[in-house]
Structures are given as structure tokens and as C-alpha cells.
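In the numbering used here, the protein residues as written are 4 to 608. Every residue gets a Cβ at the ideal spot worked out from N, C-alpha and C, and that includes glycine. Inspection log for the structure reproduced underneath, given as C-alpha cells.
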Amino acid sequence: MNLSDLPLGPLERAFIASLRRLDPQAAPPVLLAAALCCEALARGDVCLPLGRVAGQRPWPDSNASLPPLADWQRQLQTSTLVCGMEGYAPLVLVGERLYLARYHAYERELAERLLVLDAERPQVDETQLAESLGRLFAFNQQSPDWQRLAAAQAVRRCLAVISGGPGTGKTTTVVRLLAALLEQPGGERLAIGLAAPTGKAAARMAEAIRAAKAALPVSEPIKQALPDDARTLHRLLGSRGDSPKVRHHAGNPLPLDVLVVDEASMVDLALMARLTAALPPGARLILLGDKDQLAAVEAGAVFAELCAGGGFAGETAAELQRLIGQPVPSGAPRSQIGEAVVLLTHSHRFAGDSGIGELARRINAGDAQGTRRVLLDARPDLAWNPAPTPAALLERLENGYAAYLQMAKAGEPAQAFTRFNSFRILSAQREGAFGVNNLNEALEARFKRRLGMPARERWYPGRAVMVRQNDYALDLFNGDIGLCLNTPQGLRVFFECEQGHRSFSPARLPSHDSAFAMTVHKSQGSEFDEVLLVLPEQPGPLLTRALFYTGITRARQRVEIWALPERLNEAVETCADYAAGLAERLALVAAEEVQVVTGNQLRLF
4 MNLSDLPLGP LERAFIASLR RLDPQAAPPV LLAAALCCEA LARGDVCLPL
54 GRVAGQRPWP DSNASLPPLA DWQRQLQTST LVCGMEGYAP LVLVGERLYL
104 ARYHAYEREL AERLLVLDAE RPQVDETQLA ESLGRLFAFN QQSPDWQRLA
154 AAQAVRRCLA VISGGPGTGK TTTVVRLLAA LLEQPGGERL AIGLAAPTGK
204 AAARMAEAIR AAKAALPVSE PIKQALPDDA RTLHRLLGSR GDSPKVRHHA
254 GNPLPLDVLV VDEASMVDLA LMARLTAALP PGARLILLGD KDQLAAVEAG
304 AVFAELCAGG GFAGETAAEL QRLIGQPVPS GAPRSQIGEA VVLLTHSHRF
354 AGDSGIGELA RRINAGDAQG TRRVLLDARP DLAWNPAPTP AALLERLENG
404 YAAYLQMAKA GEPAQAFTRF NSFRILSAQR EGAFGVNNLN EALEARFKRR
454 LGMPARERWY PGRAVMVRQN DYALDLFNGD IGLCLNTPQG LRVFFECEQG
504 HRSFSPARLP SHDSAFAMTV HKSQGSEFDE VLLVLPEQPG PLLTRALFYT
554 GITRARQRVE IWALPERLNE AVETCADYAA GLAERLALVA AEEVQVVTGN
604 QLRLF
């Protein structure tokens with residue numbers, strides 16, 4: 004097998020070259036496995052599941068084929084480039100899973116730290132806790148009250164994993180559970196930190212907590228002790244540019260007693276491993292997210308793996324029932340951290356007759372026929388165009404943004420942001436006729452013609468941009484949205500902040516893109532009054548159930564879907580399979596099979 008003839012990328016070729024320097028006699032199947040490991044990481048997999056590809060041709064345009072599984076494993080086991088659970092080598096083989104050494108270490112260390120966290124049982128005044136929970140969650144009439152259960156477990160343990168879809172009250176839950184923590188004896192001394200993967204998500208979290216704590220039935224000192232400032236995880240850890248090194252680690256832990264991480268589904272394996280390593284002994288970690296949303300762009304669907312196997316053993320269910328005064332369903336957890344996991348299921352945003360809520364349920368159930376039926380029911384909050392064309396889409400988008408562009412001329416930032424966030428176009432991909440790049444370019448050409456501006460002019464009143472590079476000096480972060488508005492000083496780009504808005508000269512901005520159309524990935528953590536979601540004309544790996552669900556649930560009031568029926572079916576029926584071993588490491592009964600996170604399920608291969 005001549006590896007130089009294979010369609011490998013520059014990273015894979017460089018990695019193979021470095022391995023050949025370590026072992027000039029390395030067998031081609033071993034080097035090919037290493038290259039496939041790199042490709043797997045780029046797809047979001049933590050490891051390469053050998054059983055999926057053994058005996059096959061990994062590239063359709065190449066005649067190269069892989070050995071049968073048993074032969075392949077034998078060659079890997081005898082290679083000096085590969086080690087097992089012990090020892091050190093560039094590649095690590097665990098059963099049928101092949102890892103790059105760094106990612107195997109991330110996964111192993113994360114599992115160990117989570118188990119240590121979950122085993123911690125802080126001292127709790129349960130009489131005070133029961134009183135706090137009864138008062139703080141008195142507004143909830145559901146039984147069982149999963150928000151109250153989540154708060155109870157978060158106070159009683161050092162690890163809490165809380166998952167829920169849009170409108171299920173994750174922020175309501177966390178602000179009240181923090182209040183309950185502060186009401187515990189000595190709670191006023193707790194150092195509490197709030198963080199999220201992106202600057203946009205951190206700002207939304209801080210804003211939501213500031214709004215929620217004003218109405219809390221607690222004393223003024225407790226309100227004052229609640230944090231209302233959130234940071235990005237990279238800034239919290241003290242990231243140093245492109246280096247994997249951070250300021251806070253096991254040797255220099257974070258000065259926190261409690262850390263709350265919002266949008267945890269967006270946190271990849273490497274970042275979660277560094278985060279848990281930076282927690283001081285005895286600290287609490289509270290992870291909030293939606294297990295059904297898109298996973299992180301980098302490798303690892305960590306949050307979905309953590310949510311697998313949840314449940315309350317009989318003794319724990321009885322303890323919680325005494326604490327909250329409600330029946331608590333019991334079911335043996337299948338994970339060692341299963342009792343730390345609580346799934347919020349009642350949506351306060353989408354009522355029982357909500358089309359968006361019903362559509363989300365059908366998508367997560369993999370029910371393509373039911374999804375189409377809901378879309379054809381003529382519900383007021385749903386619309387479906389089954390025959391989209393680029394020309395018709397651009398006409399619809401120009402009309403959708405017309406009111407915003409008119410308002411942008413006045414230069415009043417608050418009103419401009421309100422209008423801009425009332426409508427957004429989301430796409431599954433960056434390229435193609437329905438891709439973000441093409442839509443933004445075509446829309447901007449139309450907007451400039453409407454404003455009577457030269458086509459070559461980059462900046463105009465109403466231009467929307469998204470920052471794609473963190474700039475700590477300007478306090479601007481990847482994903483932040485800015486609007487270019489008219490001011491007496493000329494065109495300025497405004498960004499939302501805690502004190503209202505900050506503005507910059509366009510020339511000062513870090514690297515950015517136009518942002519009338521956004522990818523579904525970039526929209527995570529955002530909400531808009533109305534969303535138009537367009538799916539690609541051709542099938543592709545990005546078209547998955549998680550992407551479809553994430554896209555429609557960005558809408559507060561209405562969703563409009565432009566998609567061919569066959570693409571709609573594919574989106575509902577296609578699960579994103581991420582090969583990983585974290586859930587297996589946390590399972591109560593270890594398995595030899597490869598575990599794959601599939602939407603909200605775990606499948607064994």
C-alpha cells in the first residue's frame with residue numbers, strides 16, 4: 004500500500020511523517036490507522052472505532068482497503084507506536100477503539116475527576132434546604148417538580164448535570180438553587196463563578212440571572228451575594244493565545260467554591276478536561292445544557308455522554324421525596340454519576356398546543372412522518388416551503404430584514420438590536436446556493452442597491468457582523484454580533500453589553516463575517532422571535548437530527564422551514580454518531596463495545 008497516493012490532508016501526512024521518524028519500519032495499516040484517527044477527530048469523534056471501518060475502503064476514490072478487524076488489531080498491538088491502557092505511545096488501543104494519546108488522556112482524566120466530584124458529599128442542613136426549596140419553587144405546580152429536584156441534588160452533591168430544552172427553566176433553576184446554596188449555614192462565604200463556552204452565551208446567562216434574582220423570595224443580602232457576571236471558559240481558565248496551556252490548572256486551581264457552566268453541550272472533551280482539572284478540591288460543578296442540541300464543534304459530545312444512564316436509586320428517591328414533599332420516580336441509574344443527572348421536561352415557553360414544541364418532540368423521536376404532518380397542520384407558529392429556490396428565498400429574506408434596515412438609518416442601538424433579533428435566517432452549511440456565504444453576499448448586494456451605495460463599499464448603515472476571533476483588549480469574542488449604525492461621528496459598530504451598548508470604529512474590529520445569515524452551529528445560545536431555517540438541496544453529513552432540532556428551537560414565536568421533503572426526512576432520520584468512551588468509563592457495568600452517542604441515546608457497537 005502506497006500511502007503517498009491516498010487522499011490525505013496536510014495534517015494527516017505530517018503526522019504519518021512524524022510516526023515514520025519514530026519507527027521507520029511501521030506497517031502501512033498502522034500508519035493508515037493514525038491518519039484515520041486524525042480524520043475522526045475532525046468529524047467530532049474522540050477515537051477511531053476500528054470495527055466500523057475494518058475490511059473496507061475508507062476513500063471511495065482509492066483502491067486502498069483496510070485489513071479485517073482481527074488482523075488490524077494484531078498489527079496495532081505489536082507496533083511500537085501503539086500502547087494499551089498503560090505505558091505511553093503516540094496511539095492508544097483500548098479494545099476496538101484507537102485514540103491519539105492526548106485524547107485518550109483527556110477522556111481518562113475527565114472520567115476520573117468526574118467520579119471524584121460525584122463522590123463528594125458536602126455537609127447540608129436538610130431542614131434549611133427543605134424550607135428554601137419550598138419557598139423558592141412554590142410557583143411550580145408540576146409533580147414531580149423537576150426544577151426543584153435538580154436544585155435539591157445540586158445542593159446535596161458536588162456534581163450536578165441539568166439538561167433541558169428551550170423554555171424548561173434551566174436559568175430559573177440555577178438562580179434558585181444558588182440562592183438555596185447561599186442560605187445554607189456558611190453559604191454567604193461561597194465564591195461562585197458563572198461561565199459559558201462563548202462570549203455571547205456568557206452575556207445571555209449573566210443577563211438572565213440579573214433579571215431573575217430581582218424577583219427571588221430571599222433576603223437582600225442573598226440577592227447581593229448572587230453573582231451576575233459571567234465569563235467565557237477560555238477567559239476563566241486564562242487561555243494563552245493558541246497554546247493549550249492555561250493559567251488555571253491542578254497546580255493553580257480556580258479560586259471558586261461553585262462553578263456554573265451554561266450551554267455545556269457546546270463544550271468539547273479537551274476543554275471539559277482542562278476545566279475539571281482546574282477545580283479546587285471540594286468545589287461544586289453545575290453543568291447546564293440541552294443533550295439534544297448540536298455537540299461541540301471540536302471532538303467530543305461530552306454533555307450527551309454525561310446525561311446517559313441517569314436515574315435515582317430507591318434510597319435516593321426516598322430521601323428526595325422527604326426533602327421536597329413530592330413523589331419521586333425511582334429507576335436504577337446505569338452510570339456511576341447517574342444520580343447527578345436531572346432532565347427538565349416541562350417547557351414553559353412552548354405550551355401544549357405549540358407547533359414548535361410538538362415539532363421538536365417529533366424530531367427528537369426520529370418521527371419523519373409525524374414531523375411532516377405537524378408542518379402540514381397549518382399551525383400559526385409553523386410554516387413549510389417544500390420547494391425552495393434561491394431567488395424566492397432572497398426575496399423573502401430581503402422583506403424579512405426591510406424593517407430592520409429602515410430602523411438602522413436612525414442609529415438608535417437598542418431599537419436596532421430589538422428589530423434585528425426579531426428575525427434570523429439559519430442555514431445548515433457555509434457553502435452552496437443555500438449556504439451562509441452565498442446568502443450573505445447576495446443579501447448585502449441587494450441592501451446596498453436599496454441604499455444607493457457602491458457595491459465595493461464594505462460598511463453601510465445596517466450591516467450586521469459576527470466576530471470570529473477573540474480580542475481581549477476590546478472585550479469582543481468569537482460569536483459576538485455587531486450592528487453598523489449611523490451616528491453624528493459617522494458609521495459605528497455597536498455591540499450589546501451589561502451597561503447597554505459599546506461602539507467601535509469599523510476599522511478597529513477583529514476578524515469578522517457578515518451575519519444576516521448564520522449557521523445553526525453559530526446560533527447556539529441565541530434566541531430570535533422568528534427563525535427561517537433553510538436546509539441544503541443535496542444530502543450531506545451536516546444534515547442531522549441534532550442540527551434540525553437546534554435550528555427550530557432558536558425561535559421564540561415562529562419557525563419557517565425551507566426544505567425539500569427528502570432533505571426534511573433525512574434530517575429527522577439521521578443521527579450524528581460520535582465515537583467515544585467516556586460514557587463507558589462512567590458506566591456501572593463496564594462494556595467492551597464502542598459506545599457512540601446518538602442524539603439523546605447511547606448505542607453500542
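So, under 8 Å CB-CB, A583 and E308 are touching, yes? Tell me the CB distance rounded to an integer number of Å. So it is a contact: roughly 6 Å between Cβ atoms.
Taking DSSP's pairing of strands, which residues face V95 in a bridge? DSSP, once it has assigned bridges, lists C86, Y102 as partnering V95.
Within the same chain, show all residues whose beta-carbon is closer than 6 Å to that of N603, passing over the 5 residues directly before and after it, in chain order. Reliability fails at N603, whose pLDDT of 39 lies under 50, so the model's placement of it is uncertain and no value is given.
Three-pair Cβ contact test at 8 Å for the region 322-329 versus the region 564-579: No, because fewer than three Cβ pairs between the region 322-329 and the region 564-579 fall closer than 8 Å, the two stretches do not touch.
Length at least 4, wholly inside the region 311-365: the alpha helix (DSSP H) runs in chain order: Counting only runs of 4 or more residues that sit fully inside the region 311-365, the alpha helix (DSSP H) segments are 317-327, in chain order.
Candidates F423, D26, L9: which alpha carbon is nearest A67's? Measuring C-alpha to C-alpha distances from A67 to each of F423, D26, L9 identifies L9 as the nearest.
Among L479, V496, R124, N481, which one has its Cα closest to the Cα of C487? It is V496.
Could you please give me the residues that DSSP links to H515 through a beta bridge? Paired residues: V470.
Going by other Cβ atoms of all chains shown within 10 Å of its Cβ, with 16 needed for buried, is M208 buried or exposed? The residue is buried, with at least 16 neighbouring Cβ atoms inside 10 Å.
Through-space distance from Q560 to V127, alpha-carbon basis: Answer to the nearest angstrom: the Cα atoms are 41 Å apart.
Beta-carbon gap between V164 and C310 smaller than 8 Å: Contact flag set, yes.
If you follow the beta strand (DSSP E) that Q432 is in, where does it begin and where does it stop? Counting along the chain, Q432 falls outside any beta strand (DSSP E), and DSSP gives it neither H nor E.
Between the CA atoms of I366 and Y404 - distance to the nearest angstrom: A direct Cα-Cα distance of roughly 28 Å separates Y404 from I366.
Within this structure, are the beta carbons of E301 and A273 separated by less than 8 Å? Yes.
Neighbourhood of I225 by C-beta distance below 7 Å, restricted to the same chain and skipping five residues each side: Around I225: A182, L185, E186.
Rounded C-beta distance between L262 and V178? I'm assuming under 8 Å. Contact doesn't hold; Cβ gap of about 15 Å is too wide.
Can you name the start and end residues of the beta strand (DSSP E) that F497 belongs to? Segment 493-500, the beta strand (DSSP E) holding F497.
Short check: CB of V537 to CB of L396, under 8 Å? The answer is yes: Cβ separation under 8 Å.
Kindly indicate the opening and closing residues of the alpha helix (DSSP H) around F18. Per DSSP, F18 belongs to the alpha helix (DSSP H) from 13-25.
Looking at the strands, I want to know which residues DSSP matches up with R505. Paired residues: F498.
With a cut-off of 8 Å on the beta carbons, I'd call L290 and A431 a contact; round off their distance for me. That pair is no contact at about 27 Å.
Going by alpha carbons, who is nearest to E2 out of V249, V221, T174, L53? The question about residue 2 has no answer here: the residues shown for the chain are numbered 4 through 608.
Report buried or exposed for F473, applying the criterion of at least 16 other Cβ atoms within 10 angstroms of its Cβ. This sequence places Asn at residue 473; Phe is not what is there. It is buried - the Cβ of N473 has at least 16 other Cβ atoms within 10 Å.
Write down the C-beta distance between L54 and E99 rounded to the nearest angstrom, noting that I regard them as a contact closer than 8 Å. Just to set this straight, residue 54 is Gly in the shown sequence, not Leu. Contact flag correct, Cβ pair sits at about 5 Å.
Measuring CA to CA, which of N143, A204, E123 is closest to N481? N481 has its Cα closest to that of A204, out of N143, A204, E123.
So the candidates are K525, A299, Y581, P568; which of them puts its Cα closest to the Cα of R557? The option with the nearest alpha carbon to R557 is K525.
Would you mind stating whether G358 and R382 have Cβ atoms separated by less than 8 Å? Going by C-beta atoms, G358 is nearer than 8 Å to R382.
What three-state label does DSSP hand A590 in the structure shown? Here DSSP, grouped into helix, strand and coil, assigns A590 to strand.
So, with DSSP's three-state summary, where would you put Q78? Reduced to three states, the DSSP call for Q78 is helix.
For E2, collect the residues of the same chain with a Cβ closer than 6 Å to its Cβ; drop the 5 residues on either side in sequence, then sort them by chain order. Because residue 2 is not part of the residues shown, which for the chain are 4 to 608, the question remains open.
Beta-carbon proximity list for A594, same chain, < 6 Å, skipping 5 on both sides: Only weak support is given to the placement of A594: the predicted model assigns it a pLDDT of 38, under 50, and the value that follows is read from those uncertain coordinates. Excluding positions up to five away in sequence, the list reads E587.
With distances taken Cα to Cα, identify the nearest neighbour of Y552 among C500, R453, D370. The shortest Cα separation from Y552 among C500, R453, D370 belongs to D370.
Could you compute how far the alpha carbon of L35 sits from the alpha carbon of A320? When rounded, the distance between both Cα atoms is 50 Å.
If the criterion is Cβ atoms closer than 8 Å, does the pair F437 and E540 meet it? In contact: F437 and E540 (Cβ atoms closer than 8 Å).
Under the three-state reduction of DSSP, which class applies to L385: helix, strand or coil? In the structure shown, L385 falls within a strand segment according to DSSP collapsed to helix, strand and coil.
Does DSSP classify V529 as helix, strand or coil? Per the sequence presented here, residue 529 reads as Ser, with Val not at that position. Coil.
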